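**Q**
Protein chains in written order, with this note's numbering: chain A, 4 to 551; chain B, 4 to 551.
1) What separation, rounded to the nearest whole angstrom, lies between the Cα atoms of residue 223 of chain B and residue 185 of chain B?
2) Measure the Cβ-Cβ separation of residue 78 of chain B and residue 28 of chain B and say whether it is below 8 Å.
3) 8 Å is my cut-off, CB to CB: does residue 621 of chain B come that close to chain A?
4) Output needed in chain order: residues of the region 335-362 of chain A with a Cβ under 8 Å from some Cβ in chain B.
5) Which residues does DSSP pair with residue 213 of chain B in a beta bridge?
6) Going along the chain, which unbroken runs of the alpha helix (DSSP H) with 4 or more residues stay wholly within the region 349-397 of chain B?
7) Is the distance from the Cβ of residue 534 of chain A to the Cβ of residue 509 of chain A below 8 Å?
8) Are three or more beta carbon pairs between the region 142-149 of chain B and the region 308-324 of chain B nearer than 8 Å?
9) Helix, strand or coil, according to DSSP, for residue 338 of chain B in the structure here?
10) Thinking residue 475 of chain A and residue 501 of chain A are a contact (beta carbons under 8 Å), I'd like their distance in whole angstroms, please.
11) Rounding to the nearest angstrom, what Cα-Cα distance links residue 192 of chain B and residue 407 of chain B in this structure?
12) Spatial neighbours of residue 125 of chain A within its chain, please: CB distance less than 8 Å, with the 5 preceding and 5 following residues excluded, ordered by chain position.
13) If contact is defined by three or more beta carbon pairs under 8 Å, each pair taking one atom from either stretch, is the region 478-493 of chain A in contact with the region 346-355 of chain B?
14) With a CB to CB cut of under 6 Å and the five nearest residues on each side skipped, what residues in its chain are close to residue 385 of chain A?
15) Run through DSSP, which three-state label would residue 269 of chain A get?
16) Determine, using beta carbons only, whether residue 112 of chain A comes closer than 8 Å to chain B.
17) Can you look up residue 410 of chain A in the DSSP assignment and give me helix, strand or coil?
18) Of all the CB atoms in chain A, is at least one closer than 8 Å to the CB of residue 430 of chain B?
19) Report yes or no: do three or more beta-carbon pairs, one from the region 154-172 of chain A and one from the region 249-264 of chain A, lie closer than 8 Å?
20) Between the C-alpha atoms of residue 269 of chain A and residue 136 of chain A, what's the straight-line distance to the nearest angstrom?
21) Buried or exposed: residue 100 of chain A, going by 16 or more other Cβ atoms within 10 Å of its Cβ?
22) Could you please tell me which residues of the region 431-459 of chain B, in chain order, have their CB closer than 7 Å to any CB of chain A?
23) Which term fits residue 296 of chain A, buried or exposed, when burial requires 16 or more other beta carbons within 10 angstroms of its beta carbon?
24) Could you tell me which uninterrupted beta strand (DSSP E) segments, each at least 3 residues in length, are contained entirely in the region 130-177 of chain A, listed from first to last along the chain?
25) Going by DSSP in three states, residue 84 of chain B sits in which element: helix, strand or coil?
26) Going along the chain, which residues of the region 516-542 of chain A sit with their C-beta nearer than 8 Å to a C-beta in chain B?
27) Note down, in chain order, all residues in the region 151-182 of chain B with a beta-carbon under 9 Å from any beta-carbon belonging to chain A.
28) Under a three-way DSSP split, which group does residue 245 of chain A fall into?
29) Quick one: which chain B residues come within Cβ less than 8 Å of residue 411 of chain A?
30) List the residues of chain A that residue 18 of chain B touches, going by C-beta distances under 7 Å, in chain order.
31) Three-state secondary structure (DSSP) at residue 530 of chain A?
32) Report, in whole angstroms, the separation of the C-beta atoms of residue 394 of chain B and residue 358 of chain B, which I expect to be a contact under 8 Å.
33) How is the alpha helix (DSSP H) around residue 317 of chain A delimited, first residue to last?
34) Going by beta carbon distance, what residues of the same chain come within less than 6 Å of residue 434 of chain B, once the five residues before and after it are set aside?
35) Counting pairs of beta carbons, one from the region 419-429 of chain A and one from the region 282-290 of chain B, are three or more of them closer than 8 Å?
36) Identify the contact partners of residue 288 of chain B in chain A, using a Cβ-Cβ distance below 8 Å as the criterion.
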């Protein structure tokens with residue numbers, strides 16, 4: 004048997020990982036990577052920060068060069084080569100050299116598609132005007148930097164408040180531009196639950212970003228004086244010298260579709276657990292494929308670099324006949340914005356509701372990132388979503404300034420093993436005063452949820468607040484500074500002596516600052532025969548829910 | 004049945020947690036806590052930082068006061084009361100009021116012992132001299148602060164380089180004192196493997212701390228001019244105005260022993276999974292008890308606040324007849340020193356060797372804490388110990404300046420579920436350029452170990468270096484700056500063309516900077532028929548092993 008000829012379409016993340024892995028497994032294979040852009044293996048996650056001048060020079064974004072692939076891996080990289088068609092029957096691809104226009108046909112034994120995703124560009128007027136950009140590649144970064152420098156751009160409109168949108172906002176502010184965010188939804192970071200990103204809305208406002216939330220893009224028009232006008236559904240017009248479209252991405256399935264490969268229900272290339280497409284000689288990896296969500300078991304799209312790299316490795320193993328399996332994704336992600344961090348893993352509450360599920364509970368907590376008595380302690384707001392009745396963790400979200408992503412990493416790792424909230428109660432995590440607490444926020448999240456599941460601490464869903472008598476057990480001075488509508492105040496320390504003031508029959512929703520005193524109050528009251536329930540996360544949760 | 008009377012001996016960590024939990028479960032129980040010291044529920048983990056003036060004022064160390072226990076929990080706290088004996092048959096304890104000397108007898112239905120640990124004070128001359136201190140309680144902190152202030156102490160000797168010793172060193176330097184560390188072992192942080200704490204030795208030296216490692220304390224003698232002389236086994240004398248004994252702690256089993264309770268083989272109070280002692284009406288929690296190590300299945304002692312709190316909860320549940328179980332410990336711990344962080348979970352290599360085990364492999368890696376192209380990336384050195392042949396993770400240690408403890412937290416969480424290195428390969432962790440890498444250090448650790456286990460990347464144990472031909476595949480300029488004794492240099496990019504320079508028969512140990520290029524070289528060479536093996540973690544590991 005002669006050495007196999009393996010062709011890879013797309014040389015970033017998944018494709019580059021696959022190529023390197025192939026070489027490590029099979030020294031004899033001929034491996035050729037076709038990339039339509041000028042670069043392979045670049046850090047597209049860093050592009051917003053390069054635009055902002057945080058990452059300099061541009062060459063830092065180049066994780067590996069074609070030269071390195073050639074000398075280190077004996078892998079041939081053909082940049083500036085676009086694959087225009089696949090003939091699965093003949094096992095050939097058609098390749099166009101973008102510099103010369105020449106088209107050639109290349110034979111393969113195995114083909115790996117790693118075309119990535121393309122920015123969503125809805126069919127609205129003006130999206131192709133000069134000054135309107137998407138942010139995906141190094142050439143995109145060059146165009147944006149040049150436009151800002153040459154035009155002296157002062158006002159930017161960012162359309163879309165997801166990862167890329169927020170990172171671009173931070174970096175455009177870093178460059179001194181005025182920034183307006185236009186987002187169709189009433190919140191930034193669409194994958195997360197709205198109340199969990201309220202602190203980001205506050206951070207954006209603090210940093211002078213104008214927010215046009217709940218107001219979708221309608222059109223972009225040229226205005227006088229070389230500016231643009233960004234019109235929204237509400238009729239508002241936001242003037243801009245520069246518009247960033249960060250509405251989202253969709254799998255680039257052009258080639259796959261044309262070749263007759265099966266697509267999945269979410270519109271990505273369909274692959275099996277070995278990343279093989281519907282054609283036995285073609286694999287696909289990265290942002291273009293549909294993968295299984297570990298939590299729901301359903302197909303999903305997830306355009307993130309970590310899973311793309313793992314998929315590249317799996318495809319390489321599979322091509323070389325090794326046993327392998329891509330276990331799915333859970334959607335772990337993090338975003339930094341003006342010193343805040345927001346992170347999540349698994350399912351959000353809204354995703355579960357959208358899927359029609361009601362078999363879950365939700366708790367909130369707002370502990371410090373480390374021992375409160377050590378200087379610099381700061382709040383981490385955490386939301387845990389778990390299955391009823393078995394307590395399996397379905398998802399977690401967190402926001403704060405420090406120690407945020409490490410809690411999500413711990414919960415994500417636990418979820419990998421199908422953890423329950425009872426497991427999180429017991430996790431043994433690093434503790435010293437400057438790093439955590441003897442009861443880590445992860446433990447506390449597990450304890451609160453476990454208390455709810457065991458019936459010790461029934462939780463009233465926040466959306467049902469107002470139906471029951473609300474008891475605020477904080478001290479009088481805290482109560483005076485603000486509470487829930489209609490709440491009565493009996494400080495916890497006085498509660499045992501003032502039980503006669505409580506309604507004997509109906510339910511009582513108990514509130515405190517972050518949920519600890521209310522926990523003690525609920526336990527006390529339930530043992531005295533009251534139908535007391537906890538408002539999870541207390542007034543801090545209320546403020547996040549109100550602060551949208 | 005009348006309300007049970009539950010007495011708790013010791014009001015810190017485990018005892019305080021148990022008391023609060025008892026009240027939440029049983030509103031009717033009579034709960035009394037006896038504490039010989041003046042405070043309950045204080046943050047003894049913060050004491051070194053209070054001595055250094057980082058945590059001020061002292062009252063910040065008081066997590067909860069007797070008054071709070073009384074008003075919030077209706078729990079009676081008797082500070083300044085020492086329990087002097089237990090009569091298990093009569094179910095009574097003898098209590099001495101330390102202020103009045105009065106002794107009383109107290110009846111219990113259930114008794115919880117949470118006496119904690121006491122600092123080890125070997126029977127050496129001079130350890131009771133004025134100016135010699137242990138660091139455990141708030142009164143200890145007061146004495147040390149007063150001594151430094153009143154004597155104008157300038158020179159301190161810290162005996163013992165564990166957690167407390169290192170934290171004391173940092174804080175004494177913070178106060179401007181000259182510090183010498185006397186440690187019997189040739190390393191600080193005795194639970195960790197020596198090479199993993201080499202960066203701490205460097206940090207200590209950088210901060211002007213004199214190290215007397217491998218040189219145990221022999222005696223302390225009064226010297227002229229109100230100073231002390233700390234004599235070591237080698238005969239050296241270190242002058243000191245202040246000596247901190249931080250040699251370690253041992254379980255305080257005085258009461259338990261006198262009451263005839265069974266002790267375990269490690270000298271702690273023996274308890275079952277419900278934290279019950281050999282007497283059916285007596286439970287014990289915290290630093291005084293022996294617990295099961297989750298990794299080895301063997302009894303162990305672990306004086307840490309997190310497990311103590313969990314044990315307090317378990318005991319409370321057990322006393323109230325609820326199903327509960329303490330699942331054991333894995334020894335997750337972290338320590339900060341002069342901006343470095345060192346953290347560990349599970350078994351160290353030396354602990355396994357001491358136990359006679361040989362069924363394990365070891366890998367090292369030195370990735371950045373976050374994407375290298377984002378400013379501020381810093382190395383995290385990680386060591387993973389895993390069982391052969393199934394890959395079960397036995398332990399992990401890490402050291403660096405940032406992002407250290409979050410990797411240990413993720414691995415600790417995985418170990419809770421019996422994770423293998425194959426699981427770590429797949430963990431889906433938070434990634435954005437300022438937080439991590441698409442292949443997180445945790446993933447990389449799993450991949451490297453998995454490569455070794457699959458036979459793709461055999462690893463030469465570092466202690467065997469020198470037996471085989473050593474090939475350094477770094478570039479010539481790196482090689483010129485330092486390499487292993489006898490190593491030859493063929494840069495990876497030239498390797499395929501220079502295979503004839505390699506020895507055909509015997510083994511070849513391959514080295515690079517941190518282990519990535521050597522991985523590729525080993526794969527290349529093995530496929531060409533060479534018996535190539537990897538030196539895990541490359542020259543960075545060599546430097547740590549040399550830097551002791």
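C-beta atoms are modelled at their ideal positions from N, C-alpha and C, and glycine is treated no differently. Given the structure is predicted, the values throughout are model-derived calculations rather than measurements.
**A** Put simply:
1) Annotation: residue 223 of chain B to residue 185 of chain B spans about 12 Å, alpha carbon to alpha carbon.
2) No, they are not a contact pair.
3) Residue 621 of chain B is absent from the structure shown; chain B starts at 4 and stops at 551.
4) Those residues of the region 335-362 of chain A that come within reach of chain B (Cβ to Cβ, closer than 8 Å) are 335, 336, 337, 338, 339, 344, 346 and 348.
5) Residue 213 of chain B pairs with B/183.
6) As for any alpha helix (DSSP H) of minimum length 4 sitting wholly inside the region 349-397 of chain B, the runs are 352-357, ordered along the chain.
7) For residue 534 of chain A and residue 509 of chain A, yes; Cβs fall inside 8 Å.
8) No, the region 142-149 of chain B is not in contact with the region 308-324 of chain B.
9) In the three-state DSSP reduction, residue 338 of chain B falls in the strand class (E or B).
10) Between residue 475 of chain A and residue 501 of chain A the beta-carbon gap is near 13 Å, outside 8 Å, which marks them as no contact.
11) C-alpha separation (whole angstroms): 16 Å.
12) Excluding positions up to five away in sequence, the list reads 220 and 250.
13) Segments in contact, no.
14) The answer, listed in chain order, is 368, 401, 444 and 448.
15) In this structure, residue 269 of chain A counts as coil in the three-state DSSP scheme.
16) No, its Cβ sits nowhere closer than 8 Å to a Cβ of chain B.
17) Correct three-state label for residue 410 of chain A: helix.
18) Cβ-Cβ to chain A under 8 Å: yes for residue 430 of chain B.
19) Yes: the two stretches touch, three or more of their Cβ pairs being nearer than 8 Å.
20) Cα to Cα, residue 269 of chain A sits roughly 26 Å from residue 136 of chain A.
21) With fewer than 16 neighbouring CB atoms inside 10 Å of its own CB, residue 100 of chain A falls in the exposed class.
22) Listed in sequence order: 431, 432, 433, 434, 435, 436, 437, 438, 441 and 442.
23) Buried.
24) Listed in chain order, they are 135-137 and 158-162.
25) In the structure shown, residue 84 of chain B sits in a strand (DSSP, three-state: E or B).
26) Listed by position along the chain: 520, 522, 523, 526, 527, 530 and 531.
27) Sequence-ordered contacts of the region 151-182 of chain B with chain A read 166 and 170 [C-beta pairs closer than 9 Å].
28) Reduced to three states, the DSSP call for residue 245 of chain A is strand.
29) Ordered by position in chain B, the residues that pass the 8 Å Cβ test against residue 411 of chain A are 433.
30) For residue 18 of chain B, none of the residues of chain A pass the 7 Å Cβ criterion, the least Cβ distance being about 13 Å.
31) In this structure, residue 530 of chain A counts as helix in the three-state DSSP scheme.
32) In fact, because the Cβ distance is near 19 Å, the residues do not count as touching under 8 Å.
33) The continuous alpha helix (DSSP H) containing residue 317 of chain A extends over residues 308-322.
34) Only 441 meet the Cβ criterion.
35) With a cut-off of 8 Å, the region 282-290 of chain B and the region 419-429 of chain A do not count as touching, because too few Cβ pairs lie within range.
36) Within chain A, no residue has its CB atom less than 8 Å from the CB of residue 288 of chain B, the nearest being about 13 Å off.
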